[in-house]
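Presented below is the structure to which this report refers.
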Amino acid sequence: MSKKQHQIDASILANTHLQGEYFRLDLYAPEIARDARPGQFIHLQVPDLEHRILRRPFSIFDTDPQSGRLSIVYKTVGEGTFKLSTCVAGQNVNLIGPLGIGFTEPTGNQRSILVAGGFGCAATFLFAKRAAIKPVVLIGGRSSIDILLQDEYKALGCDLRISTDDGTMGHKGLVTDLLKVALREMPGALVASCGPNPMLKAVGNIDENAEISLEQPMCCGVGACFACVIKLKDDNDDGWRFARSCMEGPVFKAHKVWWD
Ligand SMILES: Cc1cc2nc3c(=O)[nH]c(=O)nc-3n(C[C@H](O)[C@H](O)[C@H](O)COP(=O)(O)OP(=O)(O)OC[C@H]3O[C@@H](n4cnc5c(N)ncnc54)[C@H](O)[C@@H]3O)c2cc1C
Ligand code: FES
6 MSKKQHQIDA SILANTHLQG EYFRLDLYAP EIARDARPGQ FIHLQVPDLE HRILRRPFSI
66 FDTDPQSGRL SIVYKTVGEG TFKLSTCVAG QNVNLIGPLG IGFTEPTGNQ RSILVAGGFG
126 CAATFLFAKR AAIKPVVLIG GRSSIDILLQ DEYKALGCDL RISTDDGTMG HKGLVTDLLK
186 VALREMPGAL VASCGPNPML KAVGNIDENA EISLEQPMCC GVGACFACVI KLKDDNDDGW
246 RFARSCMEGP VFKAHKVWWD
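Below is the structure:
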C-alpha cells in the first residue's frame, strides 16, 4: 500500500436516506479525507457480511479534511449495499483508500463540463468543489427520482442542467444532448464524466478527449486479482492491451478505451 493509501476502521457519522434507492454515508476517516483527489474511490468492507468477504468500491463524493469527514453516495442494488443501508452512526466500517487515478483537474481559467448519470454525480462532485471556475454540470437519469445532489452542486455555484429519459425533470432526453449544447457554448472545455457505460461511450463519441470514470466490477481493488481488467487501445492505437481499472483508472481518456 502506498503512503497515500490507508486501511482504517472508520466510524459512521451518519447514514442518511436521500431519496428512492439512494443513501449518503458520512464517515470519520481523516487520513483518506486529507489525501483524496477527485475521481478516486474507497474500497469498503460491509460490516456483518461474513459470507461475502469482498469489499465494495464507492467513489469518494465529498471530503472535509478539517473535520476528517469522508462521504459517499450509494444506491442499494444487492446484498452488500442493502446491508450497508442498515448500518448506524457509531458503527465501524473498514476502508482502504484513496484508491485509483482520478480526474485531471482544471488549471487556471480552464472551463469544464461535468457529465453524470445517476449516482455518477457523486464521483464528479469533488472536481466541482475544487475547480476555481465552477463547471457546467449535466446530470441525467431515468426519472426525477434518479437526479441527486442538485442542492450540493448549486451551493457550489455550478451551472446545473438536468435531463431525464421520461421528462419528469429538466430536458426530456439524454444527458449527452445537453453535452452537445454545452460544448457549442464552451468549445475546448475539459469534459469529465461518470455514469453507465453506454452514456460514457456516447460522451467519448462527442469528445474523444473527455475523461470517463468506469465502474468496472472489482474484487481486490489494489491490483492483485485482475478482476477489473478493461481493454485499452495500445500506444499506436492499432491494437489493445488489458489494463486494471483499479490501478490505471477508474478514470481513463475516452479515446483510449476499447469498447467491444
Ligand atoms: C470505481 C467504482 C466506483 C463506484 N462508485 C459507486 C458509487 O459512488 N455509488 C454506488 O452506489 N455504487 C458505486 N459503484 C458500484 C458499487 O460498487 C456496486 O453497486 C456495489 O459493489 C454492489 O454491491 P452489492 O453487494 O450491493 O451488489 P451485488 O450483490 O454485488 O450486485 C448486485 C447488482 O449490482 C450490480 N453491480 C455490482 N457491481 C457493480 C458495479 N461496479 N457497477 C454497476 N453495477 C454493479 C451487479 O451486476 C448486480 O446486478 C462503484 C463501482 C466502482 C468500480
Ligand atoms: S480489482 Fe483486483 S486487480 Fe483490480
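Heads up: the sequence shown runs through residues 6 to 265, numbered per my numbering.
Ideal placement from N, C-alpha and C gives every residue a C-beta, glycine not left out.
*Nearest-angstrom Cα distance between P140 and T109?*
Position 135 of the sequence shown, counted from the start, is the residue given in the question as residue 140. Position 104 of the sequence shown, counted from the start, is the residue given in the question as residue 109. Taking the straight line from one Cα to the other gives about 14 Å.
*Rounded straight-line distance, which links the Cα of P103 to that of H260*: Here the question's residue 260 lines up with position 255 in the sequence shown. Here the question's residue 103 lines up with position 98 in the sequence shown. C-alpha separation (whole angstroms): 25 Å.
*Status (buried if at least 16 other CB within 10 Å, exposed otherwise) for I138*: The residue given as residue 138 occupies position 133 in the sequence shown. When all chains shown are included, I138 counts as exposed.
_Length of the line joining the Cα atoms of V196 and G95_ = For the purposes of this step, residue 196 is taken as the residue at position 191 of the sequence shown. For the purposes of this step, residue 95 is taken as the residue at position 90 of the sequence shown. V196 and G95: Cα-Cα distance of roughly 38 Å.
_beta strand (DSSP E) segment containing F108, residue limits_ = Residue 108 sits at position 103 when you count from the first residue of the sequence shown. Counting along the chain, F108 falls outside any beta strand (DSSP E), and DSSP gives it neither H nor E.
*asked:* Tell me the DSSP secondary structure of Q50 in three-state form.
replied: For the purposes of this step, residue 50 is taken as residue 45 along the sequence shown, with counting starting at 1. If DSSP states are grouped into helix, strand and coil, Q50 belongs with the strands.
*How about the stretch 36-48 and the stretch 67-75: do they share at least three Cβ pairs that are nearer than 8 Å?*
Judged by Cβ distances under 8 Å, the stretch 36-48 makes contact with the stretch 67-75, as three or more pairs qualify.
*With a Cβ-Cβ cutoff of 8 Å, do L100 and K134 count as a contact?*
Numbered from 1 along the sequence shown, position 95 holds the residue referred to as residue 100. Numbered from 1 along the sequence shown, position 129 holds the residue referred to as residue 134. For L100 and K134, no; Cβs fall outside 8 Å.
*asked:* Taking 8 Å as the cut-off, does the stretch 118-130 touch the stretch 142-158 (at least 3 CB pairs, one atom from each stretch)?
replied: yes
*Kindly identify the DSSP beta-bridge partner or partners of G145.*
As a first step, residue 145 must be located in the sequence shown, where it is residue number 140. The partner list for G145 (beta bridge, DSSP) reads G122, S168.
_Is any non-hydrogen atom of ligand 1 found closer than 7 Å to the C-beta of P70, if you look at the structure I gave you?_
For the purposes of this step, residue 70 is identified with residue 65 of the sequence shown, where counting begins at 1. False, no ligand heavy atom lies under 7 Å from that Cβ.
*Any idea if V98 is buried or exposed, counting beta-carbon neighbours within 10 angstroms, 16 or more meaning buried?*
Position 93 of the sequence shown, counting from 1, holds the residue named residue 98. So V98 ends up on the buried side.
_For L179 and S148, the rounded distance between their alpha carbons_ = Here the question's residue 148 lines up with position 143 in the sequence shown. Here the question's residue 179 lines up with position 174 in the sequence shown. Going by the C-alpha atoms only, they are around 11 Å apart.
*Is C199 closer than 8 Å to A128 when the C-beta atoms are compared?*
As a first step, residue 128 is located in the sequence shown; it is residue number 123 there, counting from the start. As a first step, residue 199 is located in the sequence shown; it is residue number 194 there, counting from the start. Yes, the pair counts as a contact, with Cβ atoms nearer than the cut-off.
_Is A229 close to ligand 2? I mean its beta-carbon at under 7 Å from any heavy atom of the ligand._
Position 224 of the sequence shown, counted from the first residue, corresponds to residue 229. It does: the Cβ of A229 is within 7 Å (strictly closer) of some heavy atom of ligand 2.
_Beta-carbon within less than 6 Å of S90's beta-carbon, same chain only, minus the 5 sequence neighbours each way: which residues are those?_
Walking along the sequence shown from the start, residue 90 turns up at place 85. The answer, listed in chain order, is F28, T81.
*Below 7 Å CB to CB, which residues in the same chain sit around F5 once its five sequence neighbours on both sides are set aside?*
There is simply no residue 5 to check, as the chain begins at 6 and stops at 265 in what is shown.
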